[in-house]
Amino acid sequence: MTHITITAASGKLGHAVAAELAARGLAGQTRLAARDPQKLTGLEAQGFETVAADYDDPASLRAAFAGTEAVLLISSMGTNEQRIRQHRTAIDAAKAAGVRHVVYTSTTNPSHDSRFEWSGAHVETEAYLKASGLGYTILRDNSYFSNNDGLFAQAVATGTLPFPGVDTPVAYISHEDAAAAAVGALTGAGEPDTIYEISGSQAYSARELAAILSRLSGRPVEAVDVPLQAYTDQFRALGFPDFVVSGLTSFYAALGAGEFSAVSQDAERLGGRRPTTTAREYLRRFVPADTETLQRAFLAARTANAFTDRPVPDELLRRLYDIVKWGPTAFNAQPARFVFIRTPEARARLLPALSPGNVDKTGKAPVTVIVAQDTRFFEHLPTQFPAYDAKPLFEGNAALTEATALRNSSLQGAYFIVAARLLGLDVGPMSGFDAGKLNAEFFPDGRWQANFVINVGYGDPSGNRPRGPRLDADTATQFL
Ligand SMILES: NC(=O)c1ccc[n+]([C@@H]2O[C@H](COP(=O)([O-])OP(=O)(O)OC[C@H]3O[C@@H](n4cnc5c(N)ncnc54)[C@H](OP(=O)(O)O)[C@@H]3O)[C@@H](O)[C@H]2O)c1
Ligand SMILES: Cc1cc2nc3c(=O)[nH]c(=O)nc-3n(C[C@H](O)[C@H](O)[C@H](O)COP(=O)(O)O)c2cc1C
């Protein structure tokens with residue numbers, strides 16, 4: 001049975017909504033409509049029904065909406081006049097087809113006073129939908145990060161991010177996070193007949209975006225204030241029609257003037273999760289993969305002393321272990337053991353063993369892992385190192401066993417640090433604790449022993465200490 005129809009499903013938002021619906025197991029209840037259904041190729045294999053529907057063809061819309069309870073009306077592209085007519089056609093078709101609930105993607109701050117010229121189409125559509133008698137949800141989407149893709153790529157290449165108002169924050173949202181909110185609205189997460197402000201969970205100025213690009217790329221990127229005319233010239237040079245040149249220029253005028261600065265929690269309310277795409281995550285794609293990987297693992301990565309409240313799912317920690325386990329160890333002995341502390345009860349057992357300077361930050365970390373070593377790691381050697389019978393080497397040799405456990409569990413702790421960073425996490429390793437106390441509390445039978453502990457989460461850079469220098473190669477290396 002079809003419960004949901006998505007119009008303009010062939011665009012970026014449409015594809016993100018389809019991905020979110022598929023992830024929630026709702027593909028089989030969803031019809032995806034596009035004026036050119038060829039652009040939906042591949043989605044039928046995921047269980048979606050795909051149909052043709054053009055905002056300029058009322059009959060195609062009525063057919064697409066037949067038997068549907070809820071419609072996501074993704075706003076069209078065109079002049080205000082075209083959009084208003086097309087959206088009205090779609091709303092009328094929804095009514096005629098017996099649809100109960102229309103979710104419409106509007107814009108932040110829709111007002112005839114807005115600097116953003118295309119705001120007018122949203123003002124008129126919102127009013128028409130409200131007066132239609134249909135149940136409605138209006139999603140006022142903030143600027144999608146992807147609007148600036150050209151600018152971001154240019155900024156990494158040239159070192160300059162031109163923006164009309166470099167210090168004005170914009171609460172950008174990704175298509176994925178906007179899609180989560182839209183699917184929430186379609187599936188009853190919101191209140192009836194309500195307007196939601198769909199923004200990211202943080203607003204960023206161009207200056208802040210440039211600083212993030214600098215950190216990610218390891219090259220200076222500077223935000224530079226430019227007059228709007230520079231934008232107009234660039235859009236014209238790209239060959240856009242006049243209404244697009246002036247519409248897009250007016251959009252950047254509105255961004256620069258702070259019309260899109262407000263952060264709202266509505267996306268989380270509807271989507272059931274915080275918008276997960278931070279600017280740092282979004283901007284990674286503009287940095288060459290090898291540079292970005294080195295920055296993320298070593299060059300730009302910092303030791304975290306404070307964390308945001310973003311949770312770290314157990315699933316991610318399992319995935320992390322499944323990467324770490326592939327790091328090399330002597331005899332493939334893998335002596336490290338990882339104890340993930342996530343609950344307040346477990347944390348309360350850990351804190352008394354820590355040095356005073358580590359207590360506060362560990363109390364606030366989302367996860368702390370005890371990197372321990374199994375003093376009888378050699379019992380696994382027959383299965384883990386079948387090439388050679390190494391178990392007897394260790395069984396009767398406490399000194400070798402101890403040295404091997406320490407060396408290799410330390411290595412595995414280091415693999416953990418690097419792998420966590422590559423998965424987008426931040427870490428704060430610590431050896432300031434009372435090993436006797438910690439071992440007595442967590443490993444009373446003595447088989448496992450703590451090596452060091454690591455706080456894990458999404459770092460809050462305000463906790464970073466000034467970065468210490470590193471020894472240069474002349475001091476720390478020899479080439480023989
Ligand atoms: N909040 C923001 O920052 C922002 C930015 C850009 C756009 N928008 C608005 O939000 C909408 C979704 O954004 P998006 O990023 O997904 O844009 P997009 O990738 O450009 O997609 C636009 C969609 O509108 C469809 N469309 C245009 N005319 C149509 C018609 N006559 N009948 C049926 N479908 C038609 C397009 O179909 P085709 O694939 O056949 O062309 C496409 O699927 C846009 O259409 C626009 O109204 C918002
Ligand atoms: C094994 C290990 C133990 C550490 N122990 C502590 C600790 O007990 N308390 C603390 O605040 N920082 C501790 N640190 C953090 C280091 O001081 C920090 O990683 C180092 O200065 C580099 O900082 P940066 O990554 O921000 O450049 C430890 C780091 C490591 C790798």
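Counting in the UniProt record's numbering, the sequence shown runs from 1 upward without gaps.
For glycine and all other residues, C-beta sits at the position ideal for the given N, C-alpha and C.
Quick caveat: nothing in here was measured; it's all calculated off a predicted structure.
By alpha-carbon distance to residue 408, the top candidate from 42, 3, 377, 41 is 377.
The residues 142, 171, 173, 263, 264, in chain order, have a CB closer than 6 Å to that of residue 199 in the same chain once the five nearest residues on each side in sequence are set aside. In this structure, residue 355 has its CB closer than 8 Å to one or more heavy atoms of ligand 2. Taking all protein chains in view, the Cβ of residue 455 is crowded by 16 or more other Cβ atoms within 10 Å, so the residue is classified as buried. Taken through DSSP and simplified to helix, strand or coil, residue 6 comes out as strand. Annotation: residue 236 to residue 225 spans about 20 Å, alpha carbon to alpha carbon.
At least one heavy atom of ligand 2 falls within 8 Å of the beta-carbon of residue 468. Here DSSP, grouped into helix, strand and coil, assigns residue 244 to helix.
If the five residues before and after residue 252 are omitted, its C-beta is found closer than 6 Å to the C-beta atoms of 164, 231, all from its own chain and listed in chain order.
DSSP places residue 116 outside both helix and strand once states are collapsed to three, so it counts as coil. Secondary structure of residue 305 (DSSP, three-state): coil.
It is roughly 18 Å from the alpha-carbon of residue 335 to the alpha-carbon of residue 418.
About 6 Å separates the beta carbons of residue 283 and residue 152, which is inside the 8 Å limit, making them a contact pair.
Look at residue 148: its beta carbon is at least 8 Å from all of the heavy atoms in ligand 2. For residue 426, the pairing in a beta bridge is given by DSSP as 457. Just measuring C-alpha positions, the residue of 197, 10, 271, 297 sitting nearest residue 217 is 297. The beta carbon of residue 390 lies closer than 6 Å to those of 331, 381 in the same chain, with the five residues before and after it left out. Comparing C-alpha distances from residue 469 to each of 362, 302, 50 shows the shortest one belongs to 302. Of 398, 66, 421, 414, the smallest CA-CA separation from residue 329 is found for 414. For residue 359, the uninterrupted alpha helix (DSSP H) run begins and ends at 356 to 364, by DSSP. With contact defined as three or more Cβ pairs closer than 8 Å, the segment 81 to 100 and the segment 40 to 51 are not in contact.
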